[in-house]
Amino acid sequence: MYDFTGKTVVVTGGSMGIGAAFARELARLGARLVLVARSEEKLRALAAELAAGHGVRVDVIAEDLARPGAAARVHAAVQALGLEVDVLINNAGFATYGAFTTVDLATQREEIDLNVGALVELTYLFLPDIERRRGGVIQVASTAAFQAVPYMAVYAASKAFVLSFSEALWAEYRGRGVRVLALCPGATDTPFFARAGEAAAFGKKAAAEDVVRLGLKAFAADRSHVVHGLSNYVTALSSRWFTREFVARLSGRLMRPKPARELHATGATQP
Numbered sequence: 005m006y007d008f009t010g011k012t013v014v015v016t017g018g019s020m021g022i023g024a025a026f027a028r029e030l031a032r033l034g035a036r037l038v039l040v041a042r043s044e045e046k047l048r049a050l051a052a053e054l055a056a057g058h059g060v061r062v063d064v065i066a067e068d069l070a071r072p073g074a075a076a077r078v079h080a081a082v083q084a085l086g087l088e089v090d091v092l093i094n095n096a097g098f099a100t101y102g103a104f105t106t107v108d109l110a111t112q113r114e115e116i117d118l119n120v121g122a123l124v125e126l127t128y129l130f131l132p133d134i135e136r137r138r139g140g141v142i143q144v145a146s147t148a149a150f151q152a153v154p155y156m157a158v159y160a161a162s163k164a165f166v167l168s169f170s171e172a173l174w175a176e177y178r179g180r181g182v183r184v185l186a187l188c189p190g191a192t193d194t195p196f197f198a199r200a201g202e203a204a205a206f207g208k209k210a211a212a213e214d215v216v217r218l219g220l221k222a223f224a225a226d227r228s229h230v231v232h233g234l235s236n237y238v239t240a241l242s243s244r245w246f247t248r249e250f251v252a253r254l255s256g257r258l259m260r261p262k263p264a265r266e267l268h269a270t271g272a273t274q275p
């Protein structure tokens, strides 16, 4: 097991969705929190709620992690607070949906910068503290990580990176007292689809709180990855049972935009 009491946990994308659900559950468990997101107003409102409800200290850092140098600024801000981090939860991210060349290229590049670049940089910067304190990292990936997803090509590829990266670090650092988990939810009831669009959702949406509880349980068990939901688990295994070409074609049929939605898509903060 892993006792979060008194531990310092950094949560990115911490103002809403899965990030806020992590913050609420960890505050209940007695962790000291540093919440990172773009909206300082939302962060401060959540911090006040958690401090009043659980008596824990919650610091906030308003930063757009897709911007150049943002990860280093977050790391410096945490150091300026005099904190050593026990656990890093890389939850910030967003998705784009639509035919590849109809989605703005700058937006897709921002998607890569946030989902991959910032995640790698933050992991790199905080890992020395985490190793000294025998803590860990939770990377929020997705069931999209297990197969190609037409019309969400960049998002799925970014989450495939997160899954592979996390499993590699799990194997590399497990003998050094560091836990690394890739948490892979399917569609989750969060503001994620406010920008990605409801057409990007597939299957019944899970509660963010259920995803978080599973993630913390898997983290405590030192799992390398965990998929939320039986149907999502079966879907994640499909590329082992069928050819990758078959799975990609099937995914394309399921995800193909309706004619009215074919023209464009934008992204959203990761649940």
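Its first residue numbered 5, the sequence shown is counted upward by one per residue in this note's numbering.
The C-beta atom is built at its ideal place from N, Cα and C for all residues, glycine as well.
In this text, all values refer to a predicted model and were calculated from it rather than measured experimentally.
{"Asked": "Counting Cβ pairs, one atom from each stretch, are 3 or more of them under 8 Å apart for the region 54-62 and the region 176-183?", "Found": "no"}
{"Asked": "Determine contact between the region 154-168 and the region 252-259, defined as no fewer than three beta-carbon pairs at a distance below 8 Å.", "Found": "yes"}
{"Asked": "If you draw a straight line from the alpha carbon of R244 to that of E171, how long is it in whole angstroms?", "Found": "18 Å"}
{"Asked": "Here's the rule: buried if 16 or more other CB atoms are within 10 angstroms of the residue's CB, otherwise exposed. What is F223?", "Found": "buried"}
{"Asked": "Just how far apart, CA to CA, sit T111 and A160?", "Found": "15 Å"}
{"Asked": "So, at 8 Å on beta carbons, what are the nonlocal neighbours of V120 in its own chain, with the 5 sequence-adjacent residues on each side left out?", "Found": "S162, F165, V166"}
{"Asked": "Could you spell out the range, first to last residue, of the beta strand (DSSP E) harbouring R183?", "Found": "183-188"}
{"Asked": "Do E44 and A27 have their C-beta atoms closer together than 8 Å?", "Found": "no"}
{"Asked": "Starting from the C-beta of R113, find all residues in its chain whose C-beta is less than 8 Å away, skip the five residues before and the five after it, and write them out in chain order.", "Found": "none"}
{"Asked": "Per DSSP, what are the beta-bridge partners of T12 in this structure?", "Found": "R36"}
{"Asked": "Below 8 Å on the Cβ atoms is my contact criterion, and I expect V141 with N95 to pass it. Report the Cβ-Cβ distance as a whole number of Å.", "Found": "Rounded, the Cβ-Cβ distance is 11 Å, inconsistent with contact."}
{"Asked": "Would you identify the three-state DSSP class for D63, choosing helix, strand or coil?", "Found": "strand"}
{"Asked": "Tell me whether the region 32-43 and the region 75-90 touch, counting them as touching only if at least three CB pairs, one residue from each stretch, are closer than 8 Å.", "Found": "yes"}
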